[in-house]
Every structure is written in structure tokens, then in C-alpha cells.
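Only one structure is covered here, and it is reproduced in the block below.
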Amino acid sequence: NWQRVVLPPDELDEINVDSLYDFRVEPRRGNLGNFNHMGFSVHVAKDGTIWAGTPLGINRSFDGGLSWKRTSADGSSSSLTGNWVVAIAEQEMGTESSIWLATWSALETGDLGGRSGVSVTRDGGETYEQVLVGERFTDFAFDGSRVYVAGRESGLFVSDDGGKTWETIRDFDLESSSDRRIKVGSDVLSVETTTDAVWVGTSDGLLRSRDGGRTWRTFRVEVPLHPEMETDEVPDVETFAYPNPFSPIADRFVRIRYEMLTSGSVDVRIFDFRLNELRRLPSESREQGVQESTWDGASEDGTRLANGTYFYSVDTGSGKFWGKILLVE
């Protein structure tokens, strides 16, 4: 069973369970409803306080959701950076805790002076510190005193001193050469920690690090080369390329998948429709198993190739296989 929780309307900063009010609960944009009734994030703190984020600020309840008090950005350095609260997380440090908010500028709500960034409170929401102002964030995770923040197109942000200084990770170094690359510029959308790892969700796959973010392993949906049950959508093949069609501008590179029956070097070459060789990818040592090589859509001299169909060959040492790629801008 579910029960609706009523937050203050836009014109009120708080509502109390022992008072009477006359307003409509309408989580709709503009003049048709209340921005503060549009819930975007929620968190129940260890002290029982309920935190609810909306496009009009952060709402707190100390009595299980019956009464609420809202705080909005007021332009001061001790307030929220912006009104739109899209993520809430609690960092527990012994008997103390801090609440971290991903706060975006919300011009539609009249938040004209608001800026996107992170707002953190260490006194239960009475005052806020503003950090990483100017960036949009979507998630938080913690490992003791270490803070991880998912920064969309700006990467993963890491702090070990409560947010005073930050390290930014945009290029994720891989644990081994057999791991598959994450596209440069992929959005970092989510982050979580477990007892022995930090996990990062991106627009190009899932990442895991067991060494504090120095090296990473990638995980993606695996389409098999040799499925147990062959279908038209998933045929039995020796190689395939994805995404296909492929756009160098939108996709950055195309992945060519194949299987190594034994460890060794692989030779991947790109040809035009007349089978003129255009590019030979760097020969790399690969471990046994399913592997991938990437092509950026350019010829040997770096020239961006025209739209059209291109062929590729993969020589694994155990066999030579062919496939094709449709390149479109």
C-alpha cells in the first residue's frame, strides 16, 4: 500500500500537522500546479529526518512526513547553490553525519541567481557549504572520509578532505589490456561503493575499481558470438561490429568483436568497397577469449572517411574473418 505525502505548496515555506490549509496538491509545471510538489529525490537520515528534494528546494520532516519545512536558495554562500535538488546522500562518520545535495539551477521556478553545484550541510540543514559550483551532478557515494560525486559529462569527482579539494577522473585507466575502453566524454551518471570496490555507471557501461579509482574494469551487455540458441537478431558469427551503423561524431569509435582461441597478437584491417586497404589497427597482444578492437572511422593518415560501407578483416592466428561497417556522419 502507498500513501501520498504532502509537501508545502510553492507559496508556503512550511506546513504543520496541527494547522489547516487550503491548497491543491498538483505536481505540475508552471501556473498549472506546484513546483514543490514535484519530487525528484528523497532520503531518510539515520536520525529519522526525511529529506525531499524538488525544483523549489529541499524539504525536511522531523515527524515522519506529517509536517515539513522547506529551504530554498537565497543567493548567499551559506544556502543552496540552486533550488533543483536532484540527489541526496548521507555521509556517516562515526557519530557525525553530513548531507550532500546535488543542486541545479532552476530558472523556470524563478531561481534567477541559482547555480548548479553541490550543497553540503553538516548541521542538519541550518547552513550549507557550496562546492564544485558550475557543474551538474547526479549521484554521491562514500567510503569513510572519501567522497565520490558523479558529474555527468565532467567525469567522476573524488575528495578526501570533506570537499575542500577534488580530483577529477575523466579517463578511466583499465586494469588490463583485455578490458574494453569507455568512450572518452561518456557521461558519469551514478556511483556506489561496496566493501571492496567503487562502482560507476556511465552512458557507455559499468565500471568497477578495487584500488580507489586508479584502475578500472568495464562491464557491458554481452551479445555472444556463438549463442546457445541462434536467432535472426543474434546469429552465430565469428565477428561483428557495434554500433553499426557507426557515426564517428556521435559514437567516437566502433567496436569490433572477435574471439581469441589462444593468447597472441591480432591483426585488424579496414578496407573500402573495392577492398583497398585503408587502415591497419595497431597489433596488440590479446588474451584468450572474447576480445574487442576499436576503429575511429579514419584512414591510416588520419583522414576522416566518407559515408559508406567499409569492410574489415580480423586475423586471430587461428583464423581470418570478415565483417562490414556502415559509416554515417
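Read in order, the letters of the sequence shown are residues 859 to 1187 in our numbering.
Each residue gets a CB set at the ideal place from its N, CA and C atoms; glycine is no exception.
| Item | Value |
| --- | --- |
| Label Arg-994 either buried or exposed according to how many other C-beta atoms from any shown protein chain fall within 10 Å of its C-beta, with 16 as the threshold for buried. | buried |
| Between which residues of its own chain and Glu-872 is the CB-CB distance below 8 Å, once the five residues before and five after are set aside? | Pro-866, Ser-925, Trp-926, Lys-927, Arg-928 |
| Excluding the 5 residues preceding and the 5 following Val-1081 in the sequence, name in chain order all residues of the same chain whose CB lies nearer than 7 Å to its CB. | Val-1092 |
| Can you give the Cα-Cα distance for Leu-914 and Arg-1072, rounded to whole angstroms? | 38 Å |
| Let me confirm a value: Thr-1161 is counted as buried when at least 16 other C-beta atoms fall within 10 Å, else exposed. Which label applies? | exposed |
| Exposed or buried, which one is Ser-974 when buried takes at least 16 other CB atoms within 10 Å? | buried |
| Cα-Cα, which of Pro-1101, Gly-1070, Asp-1045, Gly-1063 is closest to Val-1056? | Gly-1070 |
| First and last residue of the beta strand (DSSP E) that includes Ile-946? | 942-951 |
| Measuring only the C-alpha atoms, how far is Glu-1117 from Thr-1097? | 8 Å |
| Which term fits Gln-988, buried or exposed, when burial requires 16 or more other beta carbons within 10 angstroms of its beta carbon? | buried |
| Assuming Ala-960 contacts Ala-945 (C-beta within less than 8 Å), just tell me the rounded distance between them. | 4 Å |
| Alpha carbon to alpha carbon, what distance is there between Ala-999 and Leu-1064? | 15 Å |
| On the three-pair Cβ rule with 8 Å, is the segment 1129-1137 touching the segment 1102-1119? | no |
| Hey, quick one: how far does the alpha helix (DSSP H) through Ile-957 stretch, first residue to last? | Premise fails: Ile-957 lies in the beta strand (DSSP E), 954-962, not in any alpha helix (DSSP H). |
| Have a look at Asn-1102 and Leu-1185 and give me their C-alpha separation to the nearest angstrom. | 8 Å |
| What does Thr-1026 pair with, by DSSP beta-bridge criteria? | Phe-1015 |
| How is the beta strand (DSSP E) around Asp-1125 delimited, first residue to last? | 1122-1129 |
| Going by DSSP in three states, Phe-1169 sits in which element: helix, strand or coil? | strand |
| How many Å lie between Val-943 and Ile-916 at the Cα? | 7 Å |
| Inspect the beta-carbon positions of Leu-1139 and Ser-1151 and report whether they are closer than 7 Å. | yes |
| Can you name the start and end residues of the alpha helix (DSSP H) that Ala-1108 belongs to? | 1106-1109 |
| In three-state DSSP terms, what is Glu-1150? | strand |
| Note down, in chain order, each residue of its chain lying with its Cβ closer than 8 Å to the Cβ of Ser-1143, except the 5 sequence neighbours on either side. | Ser-1035, Ser-1121, Gly-1122, Ser-1123 |
| Kindly list the residues whose CB is nearer than 6 Å to the CB of Tyr-1100, restricted to its own chain and excluding five residues on each side of it in sequence; keep chain order. | Arg-1113 |
| Please report how far the alpha carbon of Thr-1026 lies from the alpha carbon of Val-1049, in whole angstroms. | 14 Å |
| State the Cα-Cα distance for the pair Gly-923 and Ile-908, rounded to the nearest angstrom. | 7 Å |
| Beta strand (DSSP E) containing Ser-934: first to last residue? | Taken as a continuous stretch (DSSP letters only), Ser-934 belongs to no beta strand (DSSP E), as it is neither H nor E. |
| Quick one: give me the first and last residue of the beta strand (DSSP E) that Thr-912 is part of. | 908-912 |
| Which whole-angstrom value is the C-beta distance of Ala-1008 and Asp-1018, which I expect to be below 8 Å? | Actually they do not touch by this definition, with Cβ atoms about 17 Å apart. |
| Following the continuous beta strand (DSSP E) through Val-1042, name the residue where it begins and the one where it ends. | Segment: none, Val-1042 is in no beta strand (DSSP E) and carries neither H nor E. |
| Just how far apart, CA to CA, sit Val-1172 and Asp-1125? | 6 Å |
| Looking only at its chain, what residues have a beta carbon closer than 7 Å to the beta carbon of Ser-937, apart from the 5 residues adjacent to it on each side? | Ala-931, Tyr-986 |
| Under the assumption that Gly-940 contacts Trp-962 (Cβ atoms under 8 Å), give the Cβ distance between them as a whole number of angstroms. | 5 Å |
| What did DSSP end up calling His-901 once you bin it into helix, strand or coil? | strand |
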